[in-house]
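These notes are about the structure you will find just below.
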Amino acid sequence: MNSIYKFLSATVICCSFFLGARAQVNALQDIIQITGVTMTADSLRAVPDVTIALKSKDRGTYSNAFGVFSLVCSKGDTLNFSAVGYRTKEYVIPPDINGRYFNVVQLMVQDTFYLPETIIRPLPYGDEFDYAFKYWDIPDDQYATAQRNTNDRVMAYLRANLPKNGPENQNFYQAEQGRAGYYYGQQRPMNIFNPFKWGEFFNAWKRGDFKKK
């Protein structure tokens, strides 16, 4: 009885190992690399920044500025192409293709968007124009906002009051290490022994830069 049980257990283990190895081999054989380009259907121009996603899988890629993309997937997978301003497209990779590489040219069709209604009104006249010119709060455009945010006083205040972040501290530490390594094994020079600095000091003294005003 024990020998039969051992025989059956060994048979089940061998079959499981064989089936698992065969499944892995089949899965590896189904893997291919898809290389393609996304283009407009009417003028055959490259469509950049198209999202190419594998349906029912958490993987994908994007097309570059020339519409070219490359993706590793399996035979029979479904590719989902989507981009702003274009209709979503799906492409099923043939399950019976030969080889490990496959090329795709996906044509994208422009979609039609219906924008909300816009009403253009004339400028006010007379007293209404005077009031609007004085008191209407017209928001700044992006250029004016950028100028306000990059003002010299604003930048100086931010530099003086905001703490340094990680990259800034790392750069400062590396700069200090570089300066210390430059004079490794010797004393750092001191400006008190620098004749040029003494010359600048005497010239400033003669000009009266140190006199109290």
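In numbering that gives the first Met the number 0, the protein residues as written are 0 to 212.
Glycine included, C-beta positions come from ideal geometry on N, C-alpha and C.
Keep in mind it's a predicted model, so treat the numbers as computed, not measured.
Query                                                                                           : Result
Tyr130 to Asp139 span [Cα, whole Å]                                                             : 19 Å
Straight-line gap, Gln169 to Arg158 (C-alpha atoms, nearest Å)                                  : 17 Å
Coil, strand or helix - Asn168 by DSSP                                                          : helix
Per-residue burial, Thr37 [other beta carbons within 10 Å of its own, 16 or more giving buried] : buried
Strand pairing of Lys88, partner residues [DSSP]                                                : Phe80
Assigned secondary structure, Tyr134 (DSSP; H/G/I helix, E/B strand, else coil)                 : helix
Euclidean distance between Cα positions of Tyr61 and Lys74                                      : 20 Å
Ala52 beta carbon less than 9 Å from that of Leu78                                              : yes
Euclidean distance between Cα positions of Gly165 and Met189                                    : 31 Å
Three-way DSSP call (helix, strand, coil) for Phe246 in this model                              : Since the displayed the chain opens at 0 and closes at 212, residue 246 lies outside it and no answer follows.
Local conformation of Ile30 per DSSP, three classes                                             : strand
Thr60 - partner residues in DSSP beta bridges                                                   : Ile51
Under 9 Å between C-beta atoms of Met107 and Ala82                                              : yes
Residues that DSSP places opposite Leu157 in a beta bridge                                      : Partner(s): none; Leu157 has no beta bridge.
DSSP three-state assignment for Gln105, whether helix, strand or coil                           : strand
Local Cβ density within 10 Å of Asp76, reported as buried at 16 or more and exposed below that  : buried
Boundaries (first-last residue) of the alpha helix (DSSP H) holding Phe200                      : 194 to 206
Backbone CA spacing between Glu127 and Ile119 [nearest angstrom]                                : 17 Å
Cβ-based neighbour list, Leu7, same chain, cut-off 8 Å, excluding 5 preceding and 5 following   : Note that Leu7 scores 48 on pLDDT, short of 50, meaning its location in the model is unreliable; the coordinates nonetheless yield the value given after this. Answer for Leu7: no residue qualifies.
Residues near Lys196 in its chain [Cβ-Cβ closer than 6 Å; skip 5 each side]                     : Asn190
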